[in-house]
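Mapping of the sequence shown onto the working numbering: residues 10 to 384, in sequence order.
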Amino acid sequence: MTISIEYVILRHLHMELKSPFTTSFGTFQTKELILVEAVDCDGVSGWGESVAFSAPWYSEETVKTNWHMLEEFLVPLLFSEPLRHPAELPERFAAIRQNNMAKAALEGAVWDLYAKQLGVPLYRLLGGTKREIEVGVSIGIQPTVADLLQVIERYVAQGYRRIKVKIKPGWDVDVIRDVRRAFPDVPLMADANSAYTLADAKRLQALDEFGLMMIEQPLAADDLIDHARLQALLETPLCLDESVRSYDDARKALELGSCRIINIKIGRVGGLEEARRIHDLCLERGVPVWCGGMLEAGVGRAHNIAITTLENFTLPGDTAASSHYWERDIITPEVEVQGGLIRVPDAPGIGYDVDRRQVERYTQFAKLFHCATTA
Ligand SMILES: O=C(O)CCC(=O)c1ccccc1C(=O)O
Ligand SMILES: [Mg+2]
10 MTISIEYVIL
20 RHLHMELKSP
30 FTTSFGTFQT
40 KELILVEAVD
50 CDGVSGWGES
60 VAFSAPWYSE
70 ETVKTNWHML
80 EEFLVPLLFS
90 EPLRHPAELP
100 ERFAAIRQNN
110 MAKAALEGAV
120 WDLYAKQLGV
130 PLYRLLGGTK
140 REIEVGVSIG
150 IQPTVADLLQ
160 VIERYVAQGY
170 RRIKVKIKPG
180 WDVDVIRDVR
190 RAFPDVPLMA
200 DANSAYTLAD
210 AKRLQALDEF
220 GLMMIEQPLA
230 ADDLIDHARL
240 QALLETPLCL
250 DESVRSYDDA
260 RKALELGSCR
270 IINIKIGRVG
280 GLEEARRIHD
290 LCLERGVPVW
300 CGGMLEAGVG
310 RAHNIAITTL
320 ENFTLPGDTA
330 ASSHYWERDI
340 ITPEVEVQGG
350 LIRVPDAPGI
360 GYDVDRRQVE
370 RYTQFAKLFH
380 CATTA
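Structure (structure tokens):
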């Protein structure tokens, strides 16, 4: 049996964030994204979302490079020969180096379509078992510490299971001290998005006294060696985000001792299949994982929820409620968080309906690609 795919539509969307999100590398206000829709001969649609940003701050990929890769290379590869299972795609896409977010967007659409064709929820197809997942929230750098404390207060009251604070040189030890004083028992972590070097080891050691769950990606986005050195100097576990782009990166990081926790982002590692392989490796090695976020719209959020149902996603992720980001998300129902939990939907595929009216409202332009072999 091959998976029928008649055509693929790429849409370029603009969505305004409710409030600006600031990291050590820049501020996000408008989110541009690519939605991928893969449609079969019965008119069933599978959905994927590219998580690349407008500018190459987090990684080298951008919305425009993703569009280029999808249009010129990945969609033609998808259509180049029959496909029996979405897990065959990583090998097919291996002809293209890197460009993981572009690959993941298309792979995600095919996974959703395939699950719908089988009539099963995507999370089950991936081997997930959890019926509800625990979530935390990632809080951007704020104008003042007082603002930050107020924002944290709000999310703690909403029941989020852990608070992640963005840090950078000049917004770190003193800020975390104040947060800890105000919230002595809150599960707390810090994400530096590569803002430090080994020369800052003393500064980062000063964070040890605050009982953080972890420090995420303090050093360079492509580094494993310096992180291993730093981990040896710290009591607080390090968690890698940017530095782990593949199963092999994860394997090397664990062998070197570069971290004790891994943040898995489907886009960063090139798709659900690679995400699952990293999850399985970490499970085998006794290393906990959690699902990171890329300020996704509803489709990306739904994929994050599905992967988080796998058993070794034991730490709360960054997949907060739709309403944390958007006035109106592109799925129905929207992702809701109650008491820090998201109930995993049981409908086939990603389990949420894409709201075509909203998608149209946000779409700037779109392009349709027919599969020549089924036309
Ligand atoms: O709420 C989210 O989607 C996660 C927010 C977040 O931390 C983030 C947002 C943009 C770029 C990188 C990161 C990150 O996890 O490093
Ligand atoms: Mg991060």
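The C-beta atom is built at its ideal place from N, Cα and C for all residues, glycine as well.
Cutoff 7 angstroms; reference residue i; Cβ partners in own chain excluding five residues on either side
i	result
Asp232	Ser252
Lys135	Note that residue 135 is Leu in the sequence shown, not Lys. Excluding positions up to five away in sequence, the list reads Leu281, Arg285, Ala315, Ile316, Leu319.
Arg254	Asn109, Arg277, Val278
Asn321	His288, Cys291, Leu292, Pro297, Val298
Arg365	none
Pro357	Ala124, Lys125, Gly128, Val129, Pro130
Proximal residues to residue i (C-beta, below 6 angstroms), its chain only, five neighbours per side dropped
i	result
Ala384	Confidence at Ala384 is low in this model, with a pLDDT of 44, below 50, so the placement of that residue should be treated as unreliable; the coordinate-derived value is given next. There are no such residues.
Glu244	Asp217
Pro91	Thr11
Gly309	Glu58, Val60
Local conformation of residue i per DSSP, three classes
i	result
Pro130	strand
Arg163	helix
Val17	strand
Cys291	helix
Lys274	coil
Ile150	coil
Gly117	helix
Val60	coil
Ala384	With a pLDDT of 44 at Ala384, under the threshold of 50, the modelled position of this residue cannot be trusted, and the question is left open.
Met110	helix
beta-carbon residue i near ligand 2 non-hydrogen atom, thresh 7 angstroms
i	result
Asn202	yes
Gln159	no
Gln126	no
Glu225	yes
Asn272	yes
Closer than 7 angstroms: residue i CB and nearest ligand 4 heavy atom
i	result
Glu41	Judged by which ligands are present, ligand 4 is missing from the structure shown, whose ligands are ligand 1 and ligand 2.
Within 8 angstroms, strictly: CB atoms of residue i and residue j
i	j	result
Gly307	Ile275	no
Ala124	Val45	no
Thr328	Pro297	no
Met222	Leu197	yes
Ala104	Leu79	no
Gly360	Pro99	no
Ala58	Leu42	Correcting the residue identity first, residue 58 is Glu in this sequence and not Ala. Yes.
Arg238	Leu213	no
Residue i beta carbon near ligand 1 (any heavy atom closer than 7 angstroms)
i	result
Leu304	yes
Gly301	yes
Ser147	yes
Thr32	yes
Ala329	yes
Tyr67	yes
Asp250	yes
Output the residue ranges of the alpha helix (DSSP H) runs that lie fully inside the segment 328-367 and measure 4 residues or longer, sorted by chain position. 331-334
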